[in-house]
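Since the structure comes first, as structure tokens, the remarks are kept for the end.
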Amino acid sequence: MNKNKRLIILKKFEQYYLNPTIKLKYKTYFELLISIILSAKSSDAQVNKVTKKLFLYVHKPSDILDLGYDQLKVIIQSVGLFNKKALAIIKTCRILKNIYNEDIPMNKDKLLLLPGVGRKTANLFLNIVLKKNFIAVDTHVFRVSNRTNFVNGISSYHVENKLYQCVPIKFQSRLHSWFGSHGRYFCRSLSPKCSICIIKIWCEYPYKIIK
Numbered sequence: 001m002n003k004n005k006r007l008i009i010l011k012k013f014e015q016y017y018l019n020p021t022i023k024l025k026y027k028t029y030f031e032l033l034i035s036i037i038l039s040a041k042s043s044d045a046q047v048n049k050v051t052k053k054l055f056l057y058v059h060k061p062s063d064i065l066d067l068g069y070d071q072l073k074v075i076i077q078s079v080g081l082f083n084k085k086a087l088a089i090i091k092t093c094r095i096l097k098n099i100y101n102e103d104i105p106m107n108k109d110k111l112l113l114l115p116g117v118g119r120k121t122a123n124l125f126l127n128i129v130l131k132k133n134f135i136a137v138d139t140h141v142f143r144v145s146n147r148t149n150f151v152n153g154i155s156s157y158h159v160e161n162k163l164y165q166c167v168p169i170k171f172q173s174r175l176h177s178w179f180g181s182h183g184r185y186f187c188r189s190l191s192p193k194c195s196i197c198i199i200k201i202w203c204e205y206p207y208k209i210i211k
């Protein structure tokens, strides 16, 4: 896809998705981090159901440690990979308590050292908290980027790097929300709504069906 098409698409998204917001519900940075960790392979709606109960008992890392692995696992069992996530959250909370005095480090390299925190989680967390140009590539961003031919990449890491290279800085902080929303409502995995898509004219998906 050429530069002009990309710019048109970004401006269309800017006009259509006027108030980009994250769907996860949280009150503190700690709750946000836990919610993002839980969101891998799970919908935001399902995560919100789980955290609505979890955050009744948990407000800081030491609360998670007091709750313990077995109890945490029971509470979050309706999200994907709950066993693995429970273990990662316990380990992360232990680090946050022992090293960071229960605060969350606002540094990408330090965040990436926390169990359960990958590039997507770190980028999304910092994008929301610091309001800076971190591009988080989740399933939706990866699919929209590749399917439309906005950028192509065989991994989220490759897509992330290419997006940084071709997306103007003024759009970068909102890109995750735009592409995420587009992937949920239009460019869906199994049945994309090509006929009513707001960027169907510029999309380069070879199998799009426009009636």
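Under full-length UniProt numbering, the sequence shown is numbered contiguously, ending at residue 211.
We put the beta carbon where it would ideally sit given N, CA and C, even for glycine.
Owing to the predicted nature of the structure, the values given are computational and were not obtained by experimental measurement.
From the options, residue whose alpha carbon lies closest to that of residue i
i, options, result
"F134", "N152, G116, R143, Y157", "Y157"
"D103", "K73, V79, F30", "F30"
"V117", "K85, G68, K25, P206", "K85"
"K11", "R184, S43, R174", "R174"
"E14", "N2, K132, I198", "I198"
"L18", "S62, P206, K193, H182", "H182"
"Y185", "V151, P206, R143, F171", "R143"
"L124", "D66, D138, N146", "D138"
"K73", "A136, Y16, I89, L32", "I89"
"L7", "P206, G153, F171, I210", "F171"
"R188", "V151, R147, N152, I22", "R147"
"M1", "F150, L96, S39, S43", "F150"
"N101", "P61, G68, I36, S145", "P61"
"residue 222", "S42, N83, I169, G68", "Outside the displayed range of the chain (1 to 211) lies residue 222, so it cannot be described from this structure."
"N152", "L114, P115, Y205", "Y205"
"L24", "S177, N161, Y164, L87", "S177"
"I34", "S145, L87, H140", "L87"
"P20", "I201, K131, I95, T92", "K131"
"Y16", "N48, F179, I154, I210", "F179"
"L81", "L96, Q46, R94", "Q46"
"N83", "D70, I201, A122, K200", "D70"
"D63", "I36, I210, R94", "R94"
"residue 214", "V129, K208, N4, H140", "As displayed, the chain neither begins before 1 nor continues past 211, which places residue 214 out of reach and without an answer."
"A122", "H59, K3, L190, L32", "L32"
"I36", "S145, L67, L114, I99", "L114"
"I22", "Q165, N48, L96", "N48"
"L65", "L96, V159, K5", "L96"
Start and end residues, alpha helix (DSSP H) containing residue i
i, result
"F125", "119-130"
"Q77", "Looking at the DSSP string, Q77 is not in any alpha helix (DSSP H), and its letter there is neither H nor E."
"H140", "139-147"
"V58", "Note, V58: premise wrong, no alpha helix (DSSP H); not H, not E."
"E31", "29-39"
"Y16", "3-16"
"T92", "82-100"
"D103", "Careful: D103 lies outside any alpha helix (DSSP H) and carries neither H nor E."
"K24", "Checking the sequence, you will find Leu at residue 24 rather than Lys. It is not in any alpha helix (DSSP H) - L24 carries neither H nor E in the DSSP assignment."
"K108", "108-111"
* Note down, one range per segment and in chain order, each alpha helix (DSSP H) of at least 4 residues found wholly within the region 163-190. => 169-185
* To do: Could you say if the region 71-84 and the region 100-115 meet the contact criterion of at least three C-beta pairs nearer than 8 Å?
  => no
* Quick one: any contact between the region 55-67 and the region 12-30, if contact means 3 or more CB pairs under 8 Å? -> yes
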